Every structure is written in structure tokens, then in C-alpha cells.
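Residue numbers (UniProt numbering), protein chains in the order written: chain A, 1 to 230; chain B, 1 to 212; chain C, 1 to 247.
Every residue gets a Cβ at the ideal spot worked out from N, C-alpha and C, and that includes glycine.
Quantities reported herein were computed from a predicted structural model and do not represent experimental measurements.
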Amino acid sequence: MMSINIPSYRQAFMLMLKRDLTIALRHKDDIFNPLLFFIIVVTLFPLGIGPEASTLSRIAPGIIWVAALLATLLSLDRLFKADFADGSLEQMMLIPQPLFIIVLAKIIAHWLITGLPLIFIAPVLAVLLHLNENSYGALMITLLIGTPVLSFIGAIGVALTVGIKKGGVLLSLIVLPLYIPVLIFATSAIDTAAMNLPYSGQVAIIGALFFTSFTLAPFAVSAALKVSTN
Amino acid sequence: MPSSNALLHADKLTCIREDRILFEALSCQFNQGDIVQIAGPNGAGKTSLLRILAGLSQPFEGEVHFQNQPLHKNVELYNQNLTYIGHLAGIKGEMTAQENLAFYLAMQGLPPHAAEQTLENVNLLGFEDALASHLSAGQHRRIALARLWQCQKPIWILDEPFTAIDKQGVKNLENLFVEHAKQGGCVILTTHQDLAIDAQLVKTIELEYQLV
Amino acid sequence: MWKWLHPYANPEITYHFTGKLTPWFTWLSIILLAIGLTWALLFAPADYQQGESFRIFYIHVPAAILSMSIYVGMAIAAFSGLVWQLKLADASAAALAPVGAVFTAIALITGAAWGKPMWGTWWIWDARLTSELILLFLYLGVIALHNAFEDKALAGKAAGILAIVGVINIPIIKYSVEWWNTLHQGATVSKFGKPAMSADMYWPFLFCFFGFAFFVAAVTCLRFKTEILSRNSMRPWVKALVKEEIK
């Protein structure tokens, strides 16, 4: 048999990450559209509810987090859809490294492209919604550890629906119920912070969700992709 | 029973798509030095068979063995020995021809600078830095096929490799296949064209369109 | 180790075996439900606090327990289907999903109906009702995903993966909702707490519960048989069966 030196897991991971980031940077819509969506959704609430500062500051955590869920959901499609359509996904299934390495790289790239910008823009939107001054730290921390959970869980949904022609609505039906715990703990952390109480408990739980989804989701995604490309 | 030098053998494969049996209890074997053409009319299950052999699809019944081990038990080893190029080229429009090729080469552990000279083999010299989205479907295919020239993996599974390739390109590919087979590789392909390869070198598996 | 299971991996044998089980489950369910419901709705004592409306308990609680158990059962079936490549396990998971969704809906509707006399409103964001609502969403996701695939075998696998992901999430969701509920609920105390059941409530409850459980078993068997047939429609034994039916 001919000898072949295949790249290590780390090399394969980096190659994939670099490839996905390159593509996203050359296709800037992927970064800006979900961000713009996030901003517009948040703007709609004061228009629908009224500009009263006390009401807005009461519901600000919920609005920002629900908008973040929806923005993530909207961006998820890009995770595997294009690769599925042009045959790259097939090739990834045949790479000698285990599939979850590739999947992990793709999800992390996706978060860097779509999750991270949300975190940068969130404080500005919080100002528009009169978020309590004490809550900014909690908002940033929950978004920082919470949005990767959204990407990991969402990836399972995309992997399951990528082969289906009209998978968009189905994706939200599958994924949104799974987002509920993150939403509950994140908004509660921000509310607690507003009352000047310690919110480390909620952050610890989101952290636990992060590690659980980080370790388990790539396997679920790999299994789902094998079904979808069958 | 498959002979000992069988690289790959299929054991009683049955494939069912949308309630139609494409093939049933199909057994075949692929040895080192084989060039095997899967022939048959459209809808006979050629692509399905190739995808099952590549491990991308699961057969309804039966199993594929690589080096006498069932596929699902040594997927990683199998993938180290397999190159599959399907209907879809797997080329990203946002990357240049060279970057696309370099990515696939790097995943095989080959240096990216090999990409440039490899593109010459498929007549794409001068297009290295063009974004793939500016290139035609035929050119995408050629980028995908280019990696075969660097490929050290023994098993090649190619679905319609000659589509949108010009005469000279086809000839080059055929020469490459013969060369690969001589070095102990194995090429499994489908094509609508007649192969201009010495008939003694080529085996054919004929699939029939089965009416239900 | 799994040798004894092997004949049941054969769809034809399983089909006939399930067919033999179905009437047993059906009759057990009819008898138990007839006794249980008559007892519960007519003869069991009314609750001293809640009066006659308490009787909805005999339907609500079995439905709620079954709705959770069916999901877990579905996930276990899906897991064994995934790990041991048992096609029939996928089929049984697919057969269970709509049954579970219906029982979740029953639990929700009876819960809301129970809420009306108790709280004067059809819906409150009670922790259990909210979890039940989210469980319904999870079921509907599995069913929708199953329907979206043309290929039955793939549909079963995809829905199975989602069911497994869902079952990992159920405890987390339940915990988070309960936690959210205690956090936001000041005055309204949940009255869905376990009432101390006396023996004359306990027996009719058990009859009702097992009556519903066998009902689930009977319906699932029927659906399971249909799933087997539709996945093996091109097999000679299915064709022979159809010919016999037509005669």
C-alpha cells in the first residue's frame, strides 16, 4: 500500500476554519445581514410598545436576547447549505479525519462570523432600550457564552434539514424550543444584575450548557449530516 | 469468496430509492490494477452504487468491505485510501482556482504549492488566481479532477469524470487512469462515452433498469 | 448477546408478532378504561377543596405522565436504531411520535380546562403547563422533520436524532422552566402539587393510567405495523399479504 501522511486533527481543524473564514470575509453579506436584522428587530419593539423608558428597560433583556436568537437562526442556513449545494459537504464527509473535527471548525467559524458581531453591537442597542446601567456586564457575559450555545444547537438543526428543499421554517420549528433554557437563564442573569444581586449562578449554568453543547453537538451534527447526504 | 488481493468488495448490495429496487443482491469485487466501468442506462443506479461504494450512502441491505473489513468499522482508514469525485465538483465560488485545489491537497497532507503545477495538467494555467465563481462548470470540474494528478490514494471513485471535458482532456485523464492502475491503484468510474483504453484493462459492470 | 433479538429484526416476523399483540392491548385498554373512568368520574369522592372539577385529574395526570414517557421511549428506540442499525427501532420511534403528541395535547387541554375553575383563567404560565407546551413543540418538530423527508428510512433516522437531542434537553428545559416560574411567580401558588391520594382515589387512578397506557400500546402497534408495511412495500411478503386482503 502506498504511504500517505495525512494532516493531524489540529491541522485539519485549522485548514477548515481558515477556509470558512476566508469565504465569509469575501462574502460580507453573511456578516452584515444577520447583524442588520438584529438591529431592526430590536428597533421594532419600542415602536410597537411605546417609548416609555421604564417599560423598555424592564423588557430590554428579553428583547435583546430574543432578537439574538432570531438573528442566529437566520444566519444558520449558511452553515452547511452552500456546502451541500456545491458538493463540498460530500468531500468533507470523506476526509480521513473524524467528521466532528470538521464540524467543530465550521461551527466555530460560524460563531466568529455571526455571533461575535452581535456581541459588539448589543451594548449600543441596550442604550436605545434604556437597559439598567448595572446590567451591561451581565448582558455582555451572557451573550459571550450564550451565543456559542445557540450556534452549536442550531448546527444540529441545520444538519438535519440541509437536504430538505424548504427547510427554512422547519429549522426554526426544530431549533427554537431547544433555545429556551439559554433564553431563560441569560435574561434572568441580566434582570438579577439590574437589582445589583450576584448573577454568577445563572452564568455558571449557561457555562455548563456551553460545555455540554460544545462536547455533544458535533457528534449529533456528524450523525445528522450522514443522514442528510445519504 | 473474494480473492486475497481484493481492495474493495461489495457483498450482496441492495439499493432502494423511493420504493424502487435499483439493484438487488449485487456482489462485485475491485482489485489492485483494475479499471472498472459501471455501465447502464439513466436511472439504473450507477450513481447510487458509486455512493454506496464510497461510503456516502448506506445500502438497504448488504455491505461493502475494504481490505476484508466492513466499511463502517474502518471509515478513517478507508477515507485515507479513497478519492471520490461526484456529480458536484465541490468548488467554492468565493475562492480562487488555486485556493480550492490547495485546500483539497492540504487535506491529503500535500503542500499547497503543488496546486499551481497541478492546474497545468487540466489546462487551467492562467486561471490560478481567478475566483471560481467567474469560471464555468466545466472549469470547476477540471479543478476538482486536478487533484488526481497528485493523488496517492489507491481507490478512485469517479462519477462521470469526462462531463464537460474536451477531447485532449479526456485523453489525458484516460492515460492517468491507466498509469494509476499500473501502479496498483483501482479506478471505478461511470461514463456515457466509450473509453479509449485498451479493452483488456477495463472491466465492466452492467446495471439494468429494473421495472417494478 | 443480541442473538435472541435477531428474529425480531426481520420485518415479516415482527409484523405478525405485533399483529398478535394488538388485540390483547386493545381489550385490556377497553376493560381498564371502562372500569377506571366509570369509577373515577361517577363514584370516586370529590376533592374537599376543588369539588367535582378535581375529576379531570384522572385524565390529565395519566396523559401528562404518558406524554413524557412516550418521548423517552421514542428516544430510546431512536438511540438503539442509531447504534445497532435496527431499522425496526427507527420505525417504532416514528410510530410513537404522533401518539405522544396527541397525549401532550390532551394533557395541555385538560390542564387548561382544570385551570378555569381553579384560577378563573384558561391559561397561566404554570411550570408544568409550560413544560408540557414546550414538549408539544418538541413532538411537533420531530413529526414535521419526519414528514419532510421523502425517503422513509432517512426520515426515521433524522427524526430519531432529533428525538435523542430533545430527550437530553427535556430535563434542562424542565429545570429551567421551573426555575423561571419560581422566579417570576409571586402570589399565584401552583395548585398542581401532588395531592395526598387516599386509597379510594388511588385505585381508579391506577385503572385509568394503565387503561391509557394500554391504549397507547394498542395504537402504537397499529401504527408500527403500518410503518413496517410502508417501508417494505416492495417486498414479496407484503405483496402476498395485499393479495390475500383483496380476495
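Query	Result
Listing by chain order, which chain B residues have their CB less than 9 Å from the CB of residue 114/A?	Within 9 Å Cβ-Cβ: nothing; residue 114/A doesn't reach chain B, min ~16 Å.
Buried or exposed: where does residue 148/B fall if 16 or more other Cβ atoms within 10 Å of its Cβ makes it buried?	buried
At which residue ranges does the segment 84 to 170 of chain B contain complete beta strand (DSSP E) runs of 3 or more residues, listed in the order of the chain?	155 to 159
Would you be able to state if there are at least three C-beta pairs under 8 Å between the segment 176 to 195 of chain A and the segment 131 to 141 of chain C?	yes
Rounded to the nearest angstrom, what separates residue 152/C and residue 122/A at their Cα positions?	44 Å
What would DSSP say about residue 12/C, mapped onto helix, strand or coil?	helix
Taking 6 Å as the cut-off, is the beta-carbon of residue 141/B closer than that to any non-hydrogen atom of the ligand SAM?	The model depicted lacks the ligand SAM and carries no ligand whatsoever.
Under 7 Å, CB to CB, which of the residues in the segment 173 to 189 of chain A have a partner in chain C?	173, 174, 177, 178, 180, 181, 184, 185, 188
I'd like the list of long-range same chain contacts for residue 64/B, defined as Cβ closer than 8 Å, with 5 residues on each side in sequence excluded.	8, 9, 10, 11, 13, 52, 53, 55, 70, 71
Using a beta-carbon distance cut-off of less than 8 Å, what residues from the segment 93 to 110 of chain B approach chain A?	93, 94, 95, 99, 103, 104, 106, 107, 108, 109
Less than 7 Å between CB atoms is the rule here; does residue 198/C satisfy it with respect to chain B?	no
What three-state label does DSSP hand residue 120/A in the structure shown?	helix
Just checking my contact of residue 111/A with residue 147/A at CB under 8 Å: how many whole Å lie between their CB atoms?	7 Å
So, under 8 Å CB-CB, residue 91/C and residue 227/C are touching, yes? Tell me the CB distance rounded to an integer number of Å.	4 Å
DSSP beta-bridge partners for residue 23/B?	15/B
Taking 7 Å as the CB-CB cut-off, is residue 230/A touching chain C?	yes
For residue 108/A, which option in 85/A, 24/A, 195/A, 61/A has the closest C-alpha, if you only look at C-alpha atoms?	24/A
Please classify residue 180/B as buried or exposed, where buried requires at least 16 other C-beta atoms within 10 Å of its C-beta.	buried
Listing by chain order, which chain C residues have their CB less than 8 Å from the CB of residue 19/B?	233, 234
CB-CB under 6 Å to residue 117/C, same chain, minus the five flanking residues each way: which ones, in chain order?	53
Please report the distance separating the alpha-carbon of residue 238/C from that of residue 232/C.	7 Å
Residue range of the beta strand (DSSP E) that residue 37/B falls in?	35 to 39
Cβ of residue 159/A within 7 Å of Cβ of residue 193/A?	no
Tell me whether the beta-carbon of residue 228/A lies closer than 7 Å to the beta-carbon of residue 190/A.	no
Taking the straight line between their C-alpha atoms, what separation do you get for residue 173/C and residue 16/B?	39 Å
So, for residue 33/B: in the same chain, excluding its five sequence neighbours on each side, which residues have a beta-carbon less than 8 Å away from its beta-carbon?	181, 182, 184, 185, 186
How close, in whole Å, do the beta carbons of residue 93/A and residue 225/A come, if the pair is a contact with beta carbons under 8 Å?	7 Å
Applying the 10 Å Cβ sphere with the 16-neighbour rule, what's the burial state of residue 10/C?	exposed
Per DSSP, what are the beta-bridge partners of residue 11/A in this structure?	In the DSSP output, where bridge partners are listed per residue, residue 11/A has none listed.
Of all Cβ atoms in chain B, is any one closer than 7 Å to the Cβ of residue 34/A?	no
Out of curiosity, what's the CA-to-CA distance linking residue 238/A and residue 41/A?	Missing from the structure shown is residue 238/A; chain A here goes from 1 to 230 and no further.
Using a C-beta cutoff of 7 Å, does residue 202/A count as contacting chain B?	no
Would you list the residues sitting across from residue 70/B in a DSSP beta bridge?	65/B
Take residue 61/B and list the residues in its own chain whose beta-carbon comes closer than 6 Å to its own, dropping the five residues that flank it on each side.	14
Let me check understanding here. Comparing Cα to Cα, which of 104/B, 24/B, 44/B lies closest to residue 209/B?	44/B
Check whether the segment 43 to 55 of chain A and the segment 162 to 176 of chain A are in contact - that is, three or more C-beta pairs closer than 8 Å.	no
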